[in-house]
Amino acid sequence: MSTAETQPQTIPGGPRHVAIIMDGNGRWAQARDLPRIEGHRRGVTTVRTVTEMASELKLDALTLYCLSSENWKRPQAELDFLMHLLQQYLVEERRTIRDQNMRLRFIGRRDRLSDEVLKEIAKTQAVSENNTGTELVLAVDYGGRDELTRMTRQLAQQVRDGKRSIDEITESLVDESLDTAGLPDVDLMIRTGGDIRISNYLLWQISYAELYFTPKCWPEFERDDFQAALDEFAGRQRRFGGLNVGA
């Protein structure tokens, strides 16, 4: 395949914010008689692929579901490996994130992450904070319901303290109080691995997102697959509750 053929095709009116549920790592590994952790290891390569495309396409934001708040139910050995992979990713990809003009953001809870992981998060955010390109958002220990609960408590506390009135609580204020404050709403949500559900992911932010599901597991999701999702997005009509002209 030529270099020109491998370049992503920028689509007029394409998505500004793409969110991905990176599912199927364990199943991909088990289907090949490999340990589940090998699927997670191979999935890092796919992360590199999609972040490169997001940067090339100049997306405003790419949000990746790395670890849900429910994933703590998994075996401790797998969780330890996932934390190790995250820490390793932050170290090894730090220069690439900086050079691709990407900015790093984390959403989710931090109180259950190790000091080592938090240190690498801070370092990578520091070297990328002045970049002006795509915002790479990693959702770690994240759950949509947890985010909404934390936001509700925050606003309720402000009302109780007399810092704002109930009438001031609007959709815009809620949006500004979420982990994703300042980012555009998600335009396209992609889920790999064959399951057709959103799994407590960005419940507020995907209210009007186009949903794209693929049976391909995350380790086998390639540039052409990302492009196929973008192409399908381009062919959909987004009415946001209204009607198309002439409809």
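Numbers given in our numbering equal positions in the sequence shown, counted from 1, plus 87.
All C-beta atoms, glycine included, are put in the ideal place defined by N, C-alpha and C.
Counting only runs of 3+ residues, the beta strand (DSSP E) found wholly inside the segment 187-274 occupies 190-194, 222-229, in chain order. Annotated as distal: L177 and S215, with beta-carbon spacing of 8 Å or more.
DSSP lists no beta-bridge partner residue for I285.
DSSP, read as helix, strand or coil, puts E179 in helix.
Shown here, T150 sits in a strand according to DSSP, grouped into three states. Per the C-alpha coordinates, the member of E180, E263, A213, G126 positioned closest to Q292 is E263. One Cα belongs to A296, the other to N287, and the distance between them is close to 14 Å. Note that the C-beta distance between H127 and L166 is not below 8 Å. For L144, the enclosing alpha helix (DSSP H) covers residues 123-144. Taking all protein chains in view, the Cβ of R278 is crowded by 16 or more other Cβ atoms within 10 Å, so the residue is classified as buried. Fewer than three beta-carbon pairs drawn from the segment 253-262 and the segment 309-317 are found closer than 8 Å, and the two stretches are therefore not classed as touching. Here the segment 204-215 does not lie against the segment 234-248, with fewer than 3 beta-carbon pairs under 8 Å apart. A check of alpha carbon separations from L289 across G220, N217, A268 identifies A268 as the nearest.
Restricting attention to A321, D272, S142, the CA atom closest to the CA of H104 is found in D272.
One alpha carbon belongs to E234, the other to Q174, and they sit about 23 Å apart.
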